[in-house]
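Student:
Numbering (the numbering used here), first residue to last: 83 to 274.
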């Protein structure tokens, strides 16, 4: 006897002559289900293409979203790194300025010793020269010479002997120092 599915969905009922009625009905239902499944799976290419396109566009949307998230996080990290570099540099500069400011009273004492002739020769002169070289190597400059125009941002006036014209520095009581754009100490002056 031949199989009921040997000839496909269009099976001849004569082939089932020896089978009972229930078996024939079950075979016909199975053949119809197989035909419907085949039509849905491969018979309608347009439907299958739409499903693939929808899945592809959904995956592309997810990929675009993840890429945008990654770019945003990458930009945030780059900004964070630049901000930390700036803050670290500012902290280093502030510490350096603080240390150099602490050395300025020593430089004042060395200047007074030079004014009294105690630094003409000997070990103290060598020390004073090294201290001046150290400050110059760190970019520290002194300012506030007699005759310079008075600037209240750079000079601390303890006495004003000016007659109302353009004020200039008279006597410099204590020199001012700056490191780059940062003022380490204002010059203490008498204005004339």
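Built from N, CA and C at the ideal position, the CB exists for glycine as well.
(1) What residue from 230, 150, 254 has the CA that sits closest to residue 241's CA?
(2) Using the Cβ count rule (16 or more neighbours within 10 Å means buried), how would you classify residue 134?
(3) Note down the Cα distance separating residue 225 from residue 201, rounded to an integer number of angstroms.
(4) Under the DSSP definition of a beta bridge, which residues are partnered with residue 242?
(5) Am I right that residue 238 and residue 269 are in contact with their C-beta atoms under 8 Å? What's the rounded C-beta distance?
(6) Around the Cβ of residue 259, are there at least 16 other Cβ atoms within 10 angstroms (buried) or fewer (exposed)?
(7) By Cβ distance, which residues of its chain are closer than 7 Å to residue 262, with the 5 residues on each side in sequence left out?
(8) If you compare alpha carbons, which of 209, 178, 172, 184 is closest to residue 195?
(9) Report the start-end ranges of each beta strand (DSSP E) in the stretch 178–229 that is 3 residues or longer and not cut off at the edges.
(10) Please report the distance separating the alpha-carbon of residue 170 from that of residue 266.
(11) Quick one: measure Cβ to Cβ for residue 36 and residue 197, integer angstroms, because I've assumed they're closer than 8 Å.
(12) Is the separation between the beta-carbon of residue 248 and that of residue 234 shorter than 8 Å?
(13) Tell me whether residue 157 counts as near the ligand FMN, meaning its Cβ is closer than 7 Å to at least one heavy atom of that ligand.
(14) Can you give the Cα-Cα distance for residue 143 and residue 153, rounded to whole angstroms?
(15) Taking Cβ positions, are residue 251 and residue 228 nearer each other than 8 Å?
Tutor: Let me lay it out:
(1) If we check each option's Cα against that of residue 241, 254 comes out closest.
(2) Residue 134 is exposed by the Cβ-count criterion.
(3) Cα to Cα, the separation comes out at about 22 Å.
(4) Beta-bridge pairing links residue 242 to 273.
(5) Sure, about 7 Å apart at Cβ, within 8 Å.
(6) The residue in question, residue 259, is buried, as its Cβ has 16 or more Cβ neighbours within 10 Å.
(7) The beta carbon of residue 262 lies closer than 7 Å to those of 221 in the same chain, with the five residues before and after it left out.
(8) That would be 209, whose Cα lies nearest to the Cα of residue 195.
(9) When DSSP assignments are scanned along the stretch 178–229, the uninterrupted stretches of beta strand (DSSP E) that are 3 or more residues long and fall wholly within it turn out to be 222–225.
(10) For residue 170 and residue 266, the distance between alpha carbons rounds to 20 Å.
(11) Only positions 83 to 274 of the chain appear in this structure, which leaves residue 36 out of reach.
(12) Residue 248 places its beta carbon 8 Å or farther from that of residue 234.
(13) Ligands displayed in this structure: none; no statement on the ligand FMN is therefore possible.
(14) So the alpha carbons of these two residues sit roughly 15 Å apart.
(15) Contact check for residue 251 against residue 228 passes: the beta carbons are separated by less than 8 Å.
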